[in-house]
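One point on numbering: in full-length UniProt numbering, the residue at position 161 of the sequence shown is 161, and numbering is uninterrupted.
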Amino acid sequence: MLNNKSILITGGTGSFGKAFTRYILGHYDPRKIIIYSRDEFKQFIMQNELKEYASKLRFFIGDVRDKERLRRAFEGVDYVIHAAALKQVPACEYNPAEAIKTNINGAQNVIDAALDSGVKKVVALSTDKAVNPVNLYGGTKLVSDKLFIAANAYAGAKDICFSIVRYGNVAGSRGSVIPLFHNIVEKGGTELPITDYRMTRFWISLQQGVELVVKALEEAKGGETFISKIPSFKVTDLAEAMLPGCKMSEVGIREGEKLHEIMVTVEDSMNTYEYDRHFIVYPQMVWSERQRAVPTGKKVPEGFSYSSGNNTEWLDVEEIRELLKSVRYE
Numbered sequence: 001m002l003n004n005k006s007i008l009i010t011g012g013t014g015s016f017g018k019a020f021t022r023y024i025l026g027h028y029d030p031r032k033i034i035i036y037s038r039d040e041f042k043q044f045i046m047q048n049e050l051k052e053y054a055s056k057l058r059f060f061i062g063d064v065r066d067k068e069r070l071r072r073a074f075e076g077v078d079y080v081i082h083a084a085a086l087k088q089v090p091a092c093e094y095n096p097a098e099a100i101k102t103n104i105n106g107a108q109n110v111i112d113a114a115l116d117s118g119v120k121k122v123v124a125l126s127t128d129k130a131v132n133p134v135n136l137y138g139g140t141k142l143v144s145d146k147l148f149i150a151a152n153a154y155a156g157a158k159d160i161c162f163s164i165v166r167y168g169n170v171a172g173s174r175g176s177v178i179p180l181f182h183n184i185v186e187k188g189g190t191e192l193p194i195t196d197y198r199m200t201r202f203w204i205s206l207q208q209g210v211e212l213v214v215k216a217l218e219e220a221k222g223g224e225t226f227i228s229k230i231p232s233f234k235v236t237d238l239a240e241a242m243l244p245g246c247k248m249s250e251v252g253i254r255e256g257e258k259l260h261e262i263m264v265t266v267e268d269s270m271n272t273y274e275y276d277r278h279f280i281v282y283p284q285m286v287w288s289e290r291q292r293a294v295p296t297g298k299k300v301p302e303g304f305s306y307s308s309g310n311n312t313e314w315l316d317v318e319e320i321r322e323l324l325k326s327v328r329y330e
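Right, here's the structure in full:
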């Protein structure tokens, strides 16, 4: 499906963008991949890392806040992956207007540019923090998700659809608990801080995140939210796996933090179907028959929710220890 196609990734120099680019170049023969981002130095580094694919790569300096720049970048593009966002919870709390400009206004700019430029599919990356948000970052991503779902109403006769992929922190991603513990262990620490002994998280690798986006590109009709079925772990078990026998001090939950990552709410369950390796939350409204997806999965029961705290699949300490061997720290 991606052979001889032009693909653009906003925020393309981030960990997801780099992994997605490598995956596509390794599994398909795209016409070109456009890396759209603000940081010219990160683009320079990525360009050097992928020298052997120079003929397939284009590096476009731009900001999702700049609609005209997006329109220029989207010319001739078939598929857009929207990964650009301000993601750090404390930074968004302290700079709310900046988070809104990037995460909400930027999302609308991507939508408008895609509608105006003949793009065929847009997949936007979401986060567990957009579900029942308790911080500004989550709030802006909730609005972003709603904008991308509603964008299908404006497609008209255009052959375009918008969909969403949702997952939590990737194992080893910057600012998450695994690199925090890793740094303490590397420095010879013997005690690991636990915000709350009850805390749980999902385990998803960058590869799994990339594969879910590819699935959305292949299957989306318009307005769906794709969610991977992945195992949970207790943060105390993670600490034991990384530093056996360590002392664990409970330091208190941080501002804007949740005990569990939530992917599907009870309210969403009315439109959620389960598949072998993922869930799909289908849109409540369908604006054209062309966008009407016919679920082939199993409807989840009334009152269903999917969070890291009520998961049916759990990692034990040994399984976590084994998975940690493949974690790349960003």
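Where is the CB? At the ideal position from N, CA and C, for every residue including glycine. Remember, it's a predicted structure, so these values are computed and weren't measured experimentally.
Host alpha helix (DSSP H) of residue i (start-end)
i, result
"Met46", "40-49"
"Arg22", "15-27"
"Val89", "89-94"
"Ser117", "106-117"
"Glu68", "67-74"
"Glu319", "317-324"
For residue i, the first and last residue of its enclosing beta strand (DSSP E)
i, result
"Tyr53", "First-last for Tyr53: undefined, no H or E at that position."
"Met263", "262-264"
"Phe279", "278-281"
"Leu259", "That residue, Leu259, is in no beta strand (DSSP E); it is neither H nor E in DSSP."
"Leu86", "Segment: none, Leu86 is in no beta strand (DSSP E) and carries neither H nor E."
"Tyr36", "32-37"
Other residues of its chain near residue i: CB distance less than 7 Å, five sequence neighbours each side excluded
i, result
"Lys258", "Val134"
"Tyr28", "Leu2, Asn3"
"Lys56", "Leu25, Pro30, Lys32, Ile33"
"Ser307", "His260, Glu261, Ile262, Met263"
"Lys18", "Met46"
"Ile204", "Tyr167, Gly168, Val170, Ala171, Ser228, Ile230"
"Glu274", "Gly297, Lys298, Val300"
"Val131", "Ile262, Met263, Thr265"
"Phe20", "Ile9, Ile81, Val210, Val213"
"Asn105", "Arg65"
Close-in-space but distant-in-sequence residues of the same chain around residue i (CB under 8 Å, 5 per side omitted)
i, result
"Arg277", "Ser228, Lys229"
"Asp237", "Leu315, Asp316, Val317, Ile320"
"Glu224", "Ser163, Ile164, Ala216, Ile280, Val281, Tyr282, Pro283, Ala293"
"Ser249", "Glu191, Leu192, Pro193, Ile194"
Anticipated Cβ contact below 8 Å, residue i with residue j, distance rounded
i, j, result
"Arg321", "Glu261", "Not quite, the Cβ-Cβ distance comes to about 21 Å (not below 8 Å), so this is no contact."
"residue 342", "Ser6", "This structure cannot settle anything about residue 342, because the visible part of the chain is limited to 1 through 330."
"Leu192", "Ala239", "4 Å"
"Ala73", "Ile34", "6 Å"
"Lys120", "Asp78", "5 Å"
"Thr127", "Gly168", "7 Å"
"Arg174", "Ser117", "Wrong, their Cβ atoms sit about 32 Å apart, outside the cutoff."
"Thr272", "Phe304", "7 Å"
Own chain partners of residue i with C-beta closer than 6 Å, once the 5 adjacent residues on each side are dropped
i, result
"Gly309", "Thr200, His260"
"Tyr23", "Val210"
"Gly76", "Ser6"
"Glu313", "Pro231"
"Ala85", "Asn103"
Residue i Cβ short of 7 Å to the ligand FAD heavy atom set
i, result
"Pro283", "The ligand content of the structure shown is nil, which means the ligand FAD is not present either."
For the pair the region 58-74 and the region 195-211, tell me if three or more CB-CB distances fall below 8 Å.
No, because fewer than three Cβ pairs between the region 58-74 and the region 195-211 fall closer than 8 Å, the two stretches do not touch.
Count the C-beta pairs between the region 279-298 and the region 180-189 that are closer than 8 Å, then say yes if the count reaches three, no if not.
No: fewer than three Cβ pairs fall under 8 Å.
With a floor of 4 residues, list each alpha helix (DSSP H) that falls wholly inside the region 151-198, ordered by position along the chain.
Listed in chain order, the complete alpha helix (DSSP H) runs (minimum 4 residues) inside the region 151-198 are 177-186.
Which runs of the beta strand (DSSP E), 3 residues or longer, sit entirely within the region 190-252?
Taken in chain order, the complete beta strand (DSSP E) segments of 3 or more residues contained in the region 190-252 are 191-194, 200-202, 225-228, 232-234, 247-250.
contact_flag[the region 37-45, the region 113-123] where n(CB pairs < 8 Å) is 3 or more:
Between the region 37-45 and the region 113-123, the count of Cβ pairs shorter than 8 Å is below three; the stretches do not touch.
Indicate whether the contact test is met: 3 or more Cβ pairs, each with one atom in the region 145-160 and one in the region 172-179, closer than 8 Å.
Here the region 145-160 does not lie against the region 172-179, with fewer than 3 beta-carbon pairs under 8 Å apart.
Using a Cβ distance threshold of 8 Å, determine whether the region 137-150 contacts the region 262-270, with at least three qualifying pairs required.
Contact between the region 137-150 and the region 262-270 is not established, with fewer than three Cβ pairs separated by less than 8 Å.
Taking only runs that begin and end inside the region 119-150, name each unbroken beta strand (DSSP E) of 3 or more residues, in chain order.
Unbroken beta strand (DSSP E) runs of no fewer than 3 residues, entirely contained in the region 119-150, are found at 121-127, following chain order.
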